[in-house]
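Q: If you scroll down you'll find the structure; I have some questions about it.
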Amino acid sequence: QQPVQSPQAVILREGEDAVINCSSSKALYSVHWYRQKHGEAPVFLMILLKGGEQKGHDKISASFNEKKQQSSLYLTASQLSYSGTYFCGTEMGGGSNYKLTFGKGTLLTVNP
Amino acid sequence: KAGVTQTPRYLIKTRGQQVTLSCSPISGHRSVSWYQQTPGQGLQFLFEYFSETQRNKGNFPGRFSGRQFSNSRSEMNVSTLELGDSALYLCASSLVGEAHNEQFFGPGTRLTVL
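Next up, the structure:
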């Protein structure tokens, strides 16, 4: 079941904040966030695990609401380098049942 | 450490042909996942290999297959190519392929089917 991301696209001015959401209809074990710049490979940002464990870059913050099966990625004081498409990947099984199902992405554009 | 490499980077084939794509994971990584990326569908999971065994498979027809070698390098094969197979094929490696492991993506192979 593909997670649903919102918004589909967002345009910011440098310094503004944004929140990207990821929702699933299934119980999740973990949520992974990646950013892909045009013509490049996706790059890891954050993992949020059931139970509260998080792993990722210090400058990125995110949350995982296990009751609602929702995750949010918070981009604060945006910089031009934040531009790209953000994908959330959801994983339901845990352990060796490792299968990431990605949302369709959120296109973030940061303008000067 | 060298990143994930994929070869070839670009490929043009015609309908009905078959193609083999290669992926070399980061040294020490034992899990390799493959994804198909298209503008309409985004990143779609094809399959995941760990220690030469396919552990998980996405919803793709049997024309899509893969394998992993003892050195963790992986190949995927698409037989009887269709126009709709045109896409960017990404592989990603992770340490042991578990929920707390991040994936490192390769640059992808751009496949065009004519």
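The listed protein sequences correspond, in order, to chains A and B. Note that my numbering gives residue 149 to position 102 of the first sequence, counting from 1, and the numbers run on in steps of one. Note that my numbering gives residue 138 to position 103 of the second sequence, counting from 1, and the numbers run on in steps of one. In this text, a Cβ means the ideal position worked out from N, Cα and C, and glycines have one as well.
Strictly by DSSP, which residues pair up with residue 71/B?
A: To locate residue 71/B, count along the second sequence from 1; it is residue 36. Looking at the DSSP assignment, residue 71/B forms a beta bridge with 79/B, 124/B.
Q: From which residue to which residue does the beta strand (DSSP E) around residue 53/A run?
A: What you label residue 53/A is simply residue 6 of the first sequence in a count that begins at 1. Run containing residue 53/A: 51-53, per the beta strand (DSSP E) assignment.
Q: The segment 116-144 of chain B: which residues have C-beta closer than 9 Å to a C-beta of chain A, in chain order?
A: 125, 127, 129, 131, 132, 133, 134, 135, 136, 137, 138, 139, 140, 141, 142, 143
Q: Strictly under 8 Å for the Cβ-Cβ distance: is residue 77/A near chain B by that measure?
A: Locating residue 77/A in the first sequence gives position 30, counting from the first residue. Under the Cβ distance rule, residue 77/A counts among the residues neighbouring chain B, one pair being separated by less than 8 Å.
Q: Below 8 Å, can you find three or more Cβ-Cβ pairs linking the segment 87-101 of chain A to the segment 60-79 of chain A?
A: yes
Q: Under 8 Å by Cβ, that's how I've got residue 38/B and residue 145/A pegged, so tell me the actual separation to the nearest angstrom.
A: Position 3 of the second sequence, counting from 1, holds the residue named residue 38/B. Position 98 of the first sequence, counting from 1, holds the residue named residue 145/A. With 8 Å as the limit, residue 38/B and residue 145/A do not qualify as a contact, their Cβ atoms being about 20 Å apart.
Q: DSSP beta-bridge partners for residue 94/B?
A: Here residue 94/B is taken as the residue at index 59 of the second sequence, counted from 1. For residue 94/B, which the question treats as bridged, DSSP gives no partner whatsoever.
Q: Taking 8 Å as the cut-off, does the segment 64-82 of chain B touch the segment 92-103 of chain B (at least 3 CB pairs, one atom from each stretch)?
A: At 8 Å Cβ cutoff, the stretches touch.
Q: Using the beta-carbon count (16 or more within 10 Å), is residue 122/B buried or exposed?
A: On the second sequence, position 87 is the one that residue 122/B refers to. When all chains shown are included, residue 122/B counts as buried.
Q: Under a Cβ-count criterion, where at least 16 other Cβ atoms within 10 Å of its own Cβ denotes burial, should residue 87/B be classed as buried or exposed?
A: Here residue 87/B is taken as the residue at index 52 of the second sequence, counted from 1. Result: exposed.
Q: Just to confirm the assignment, what range does the beta strand (DSSP E) spanning residue 101/B have?
A: Here residue 101/B refers to the residue found at position 66 of the second sequence. Run containing residue 101/B: 99-103, per the beta strand (DSSP E) assignment.
Q: When DSSP labels each residue in this structure, what does residue 122/A get in the three-state scheme?
A: One-based indexing of the first sequence puts residue 122/A at position 75. In the structure shown, residue 122/A sits in a strand (DSSP, three-state: E or B).
Q: Would the beta-carbon of residue 125/B fall within 8 Å of that of residue 143/B?
A: As a working mapping, residue 125/B is identified with position 90 in the second sequence. As a working mapping, residue 143/B is identified with position 108 in the second sequence. Yes.
Q: Using DSSP with H/G/I as helix, E/B as strand and the rest coil, what is residue 131/A?
A: Looking up residue 131/A in the first sequence gives position 84. The answer is strand: DSSP assigns residue 131/A an E or B state.
Q: For residue 62/A, which of helix, strand or coil comes out of DSSP?
A: In the first sequence, the residue the question calls residue 62/A occupies position 15. Reduced to three states, the DSSP call for residue 62/A is coil.
Q: Any chance the CB of residue 68/A is under 7 Å from a heavy atom of the ligand GDP?
A: This structure lacks the ligand GDP; in fact it carries no ligand of any kind.
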